[in-house]
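Accompanying notes for the structure given below.
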Amino acid sequence: TVDSKEFYTPNMTSNTDGPLKLLPPPPPPPPPQTPAKVSLIAHLPPECRPKVEPLLHLMVNIDNDDCFDEKERENLRNSETGNEIMSILASCREDRSKTMASMKLLEESGDEENEKAHEMNLLRFQTCLLRKSCPGRMSRFENCWTKISRRMIREQRAYAVSRFTCQSERQALERCAGSLVSRSVREAMEDSALADVDDF
Numbered sequence: 040t041v042d043s044k045e046f047y048t049p050n051m052t053s054n055t056d057g058p059l060k061l062l063p064p065p066p067p068p069p070p071p072q073t074p075a076k077v078s079l080i081a082h083l084p085p086e087c088r089p090k091v092e093p094l095l096h097l098m099v100n101i102d103n104d105d106c107f108d109e110k111e112r113e114n115l116r117n118s119e120t121g122n123e124i125m126s127i128l129a130s131c132r133e134d135r136s137k138t139m140a141s142m143k144l145l146e147e148s149g150d151e152e153n154e155k156a157h158e159m160n161l162l163r164f165q166t167c168l169l170r171k172s173c174p175g176r177m178s179r180f181e182n183c184w185t186k187i188s189r190r191m192i193r194e195q196r197a198y199a200v201s202r203f204t205c206q207s208e209r210q211a212l213e214r215c216a217g218s219l220v221s222r223s224v225r226e227a228m229e230d231s232a233l234a235d236v237d238d239f
């Protein structure tokens with residue numbers, strides 16, 4: 040007697056009204072998890088990082104009254120710059136949420152571990168903002184630094200000249216970020232006397 044189990048076909052099922060039919064193929068395995076991209080800026084000496092605190096302040100506090108009041112936010116929402124900002128924030132939503140969460144945690148418990156975690160979140164958020172708001176200049180800044188070895192950076196820091204490395208690319212990036220902040224303030228305060236001020 041032949042054991043029927045020897046003829047078991049896992050990918051087939053019997054059908055009394057006709058021949059065997061193939062079962063649908065199993066679903067594909069989930070894609071591998073992509074690790075979070077580490078910010079290049081996080082690996083740079085502090086003096087070599089772009090100085091874009093006004094941009095960070097704007098993007099973190101744009102919904103708060105200490106940044107704009109309701110009328111000013113409405114002006115900004117109805118402007119081209121406001122649409123640009125909303126697009127940037129949509130692209131950087133995850134990094135912004137992590138930054139806001141770590142900021143709150145740091146305020147509640149300002150220990151060293153929370154401080155380091157917040158700094159990393161802030162640098163990732165800054166990287167995302169710069170890549171979306173000033174993509175060309177950010178690309179040139181990052182490309183410049185990929186040509187600099189870690190040994191060269193250590194030597195430059197030893198002679199206190201590291202701040203001159205990729206300086207023109209960094210300053211161009213800072214001007215671009217500052218321009219976005221300036222345009223935002225102008226359009227938010229279009230009905231205010233401050234809108235006539237040339238330099239913010």
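Residues 40 to 239 in the working numbering are what the sequence shown spells out, letter by letter.
Note that beta-carbon positions come from the ideal geometry of N, C-alpha and C, so glycine has one too.
Remember, it's a predicted structure, so these values are computed and weren't measured experimentally.
DSSP state of residue i mapped onto helix, strand, coil
i: M228; result: coil
i: D105; result: coil
i: C205; result: coil
i: V91; result: coil
i: L187; result: Checking the sequence, you will find Ile at residue 187 rather than Leu. Here I187 sits in coil by DSSP.
i: V200; result: coil
Assumed close pair residue i, residue j - CB separation to whole angstroms, cut-off 8 Å
i: K171; j: S218; result: The pair is not a contact, with the Cβ atoms about 14 Å apart (cut-off 8 Å).
i: L115; j: C173; result: Wrong, their Cβ atoms sit about 19 Å apart, outside the cutoff.
i: T204; j: Q195; result: 6 Å
i: L79; j: E181; result: 5 Å
i: E111; j: M228; result: 6 Å
Residue environment, residue i, which counts as buried when at least 16 other CB atoms sit within 10 Å
i: S223; result: buried
i: D134; result: buried
i: R189; result: exposed
i: N103; result: exposed
i: N160; result: buried
i: S126; result: exposed
i: P71; result: Model confidence at P71 stands at a pLDDT of 46, short of 50, so the residue's coordinates are unreliable; what they give is reported in the following sentence. Exposed, since its Cβ has fewer than 16 Cβ neighbours within 10 Å.
Pairwise C-alpha distance: residue j and residue i
i: H96; j: L83; result: 21 Å
i: R225; j: R179; result: 28 Å
i: L162; j: L144; result: 17 Å
i: E92; j: Q165; result: 9 Å
i: E152; j: E208; result: 32 Å
i: Q37; j: N122; result: Coverage of the chain is limited to positions 40 through 239, which leaves residue 37 absent and any answer about it impossible.
i: S148; j: H157; result: 12 Å
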